[in-house]
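In the numbering used here, the protein residues as written are 39 to 568.
For each residue, glycine too, the CB sits at the ideal point set by N, CA and C.
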């Protein structure tokens, strides 16, 4: 019997969550180190998955399949393609940094009238989210995926509502009310999307007779699955709606600024760099894989929504006064690029979208975590409360600048490659949309540089004059992320070699080929050829 590597990779953080939660409240430090240990063990297993994965091999590898709820055709089926491998790697990589960055975020405040939940609960919930996200990237049974797609909402709800940002301008009561509002809004939005998806999941079973992604796609390819056009479109809409809420796509995005604004910086990273990626990943795996014709039918509308997300998110980010909400709206714009690349239906667009998921995770983590370190020092999220930070904390300001430059996709940093591929892939099939989408690049430069100018340059404000620079633990958190942003910007081939074969399979599912360039070139004999 083969070693169940995928199951173990998802089980390790789940076991870590249980053990961390069981640590006595008086031993907070032990709980932190235990959580960090299990996150590093999960990272080691994710690296092993990447090593054992063969990009040129079968579409789904390291597969596991066991009966689960036989009467309803539900199986415990796992498998990874190249897209799943890189996203599991991203998740496993970021969680240790999230834990290290949030080392003191759940420590009790003796001077506060509000008691915070036990420290070990904070880290246990982070590990539980990691376990559920990883198995979502592995699941090839639709019902199994749905269970964990929804279940991850519960620990996220408690992380947002129970361990919110302490840098709040109002009273303790007002801060608690804002956290509660953000958590409930997050939960309700995603629950509504999940309930609609549940109806679509049941409908898929009625049509296909099982929940196996591999069996359904094989039956479609062989022409043995009879799915009426209207039925396919309705099922597609049920799945896509849930994924668009999670992604988040305009106009279903409004929960994200509240959730990120009221969360601690590490939890905000967990939301946008890890959890939200499940939505865009599922569009590639399930929407395009299960409903190829409906995906092409809906493409024009989805591209317009993605374009609105790009421009709207960037425009609103420009006018933000709150650092964390600015990053949240910037993420909405970036998710627009990801969805644009997916539904451009070109190999460059989908490869770029997958790389964008990884690179956005790294760049947002770097920027948000440094922003969190900054906010914890000053006790305010308002941009206007800062100024001249680079003169008193140059390392903090430098890392903040690199994170910001990655966010605006500066050439030489990882997000540039993915954004370039998305735009090239979109322009090849939809040139007008590709041109309009470049507005998002200009606006990204505007909101990023204005943010840096207002917080880091200019006269030193009295409140930041004694601000300490990054501590050793904080440097260890940020430095590897910056190194990866530079390394993948210079040499993205390490990811594209894994991703491209999976993209080819997805393109085959939707029966699409890349448009041929219609550029006149001069032939060797002096004649023009197309």
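{"Check": "If contacts are defined as beta-carbon pairs under 8 Å, then residue 495 and residue 428 qualify, I think. What distance do you get, rounded to the angstrom?", "Outcome": "6 Å"}
{"Check": "Return the chain-ordered ranges of every beta strand (DSSP E) run that is complete within the region 82–131 and spans a minimum of 3 residues.", "Outcome": "99–107 and 112–118"}
{"Check": "Quick one: residues in its chain with C-beta nearer than 7 Å to the C-beta of residue 472, no 5 flanking neighbours on either side, listed in chain order?", "Outcome": "461, 464 and 465"}
{"Check": "Spatial neighbours of residue 183 within its chain, please: C-beta separation below 7 Å, excluding the five flanking residues on both sides.", "Outcome": "174 and 177"}
{"Check": "So is residue 569 buried or exposed if we call it buried at 16+ other beta carbons inside 10 Å?", "Outcome": "Since the first residue shown for the chain is 39 and the last is 568, residue 569 is missing from the structure and cannot be characterised."}
{"Check": "Since residue 373 and residue 333 should fall inside the 8 Å C-beta cutoff, what is the C-beta to C-beta distance between them, to a whole number of angstroms?", "Outcome": "At roughly 18 Å, the Cβ-Cβ gap does not stay under 8 Å, so residue 373 and residue 333 are not in contact."}
{"Check": "Please work out which residues of its chain come closer than 6 Å, Cβ to Cβ, to residue 6, disregarding the five sequence neighbours upstream and downstream, and give them in chain order.", "Outcome": "Lying outside 39 to 568, the shown extent of the chain, residue 6 is not represented and no answer is given."}
{"Check": "State the Cα-Cα distance for the pair residue 111 and residue 258, rounded to the nearest angstrom.", "Outcome": "18 Å"}
{"Check": "Considering only C-alpha positions, which residue in the set 356, 245, 529 and 131 is nearest to residue 456?", "Outcome": "529"}
{"Check": "Leaving aside the five residues before and after residue 91 along the sequence, list all residues of the same chain whose C-beta is less than 6 Å from its C-beta, in chain order.", "Outcome": "99 and 123"}
{"Check": "Do you know whose CA, among 83, 156 and 159, lies nearest residue 129's CA?", "Outcome": "83"}
{"Check": "Between residue 154 and residue 538, what straight-line distance do the alpha-carbon atoms span, to the nearest angstrom?", "Outcome": "Model confidence at residue 154 stands at a pLDDT of 47, short of 50, so the residue's coordinates are unreliable; what they give is reported in the following sentence. If you take the alpha carbons of residue 154 and residue 538, they lie about 46 Å apart."}
{"Check": "Which of the three DSSP states, helix, strand or coil, is assigned to residue 385?", "Outcome": "helix"}
{"Check": "For a test of the three-state rule: what should DSSP assign to residue 456, helix, strand or coil?", "Outcome": "helix"}
{"Check": "Assess, as a yes-or-no matter, whether the region 215–231 is touched by the region 246–253 under the definition of 3 or more beta carbon pairs within less than 8 Å.", "Outcome": "no"}
{"Check": "For the candidate residues 503, 502 and 517, whose alpha-carbon lies nearest to that of residue 509?", "Outcome": "517"}
{"Check": "Mind the definition here: the region 317–337 touches the region 362–372 only if three or more C-beta pairs lie below 8 Å; say whether that holds.", "Outcome": "no"}
{"Check": "So does the region 482–499 actually touch the region 419–434, counting three or more Cβ pairs closer than 8 Å?", "Outcome": "yes"}
{"Check": "Relative to the alpha-carbon of residue 126, which residue among 51, 547 and 422 has its alpha-carbon at the smallest distance?", "Outcome": "51"}
{"Check": "Which residue from 296, 269 and 171 puts its Cα closest to that of residue 226?", "Outcome": "296"}
{"Check": "In three-state DSSP terms, what is residue 360?", "Outcome": "strand"}
{"Check": "Using C-beta distances below 8 Å, list every residue in its chain close to residue 105, excluding the 5 sequence neighbours before and after it, in chain order.", "Outcome": "113 and 114"}
{"Check": "What's the C-alpha gap between residue 408 and residue 438?", "Outcome": "6 Å"}
{"Check": "Evaluate residue 315 with the Cβ neighbour count: other Cβ atoms within 10 Å of its Cβ, from every protein chain shown; 16 or more gives buried, anything less gives exposed.", "Outcome": "buried"}
{"Check": "Just the C-alpha distance for residue 569 and residue 95, rounded to the nearest angstrom, thanks.", "Outcome": "No information on residue 569 is available, as it lies outside the stretch 39 to 568 that the chain covers here."}
{"Check": "Report buried or exposed for residue 398, applying the criterion of at least 16 other Cβ atoms within 10 angstroms of its Cβ.", "Outcome": "buried"}
{"Check": "My understanding is that residue 360 touches residue 419, with C-beta atoms under 8 Å, so please give their C-beta distance in whole angstroms.", "Outcome": "5 Å"}
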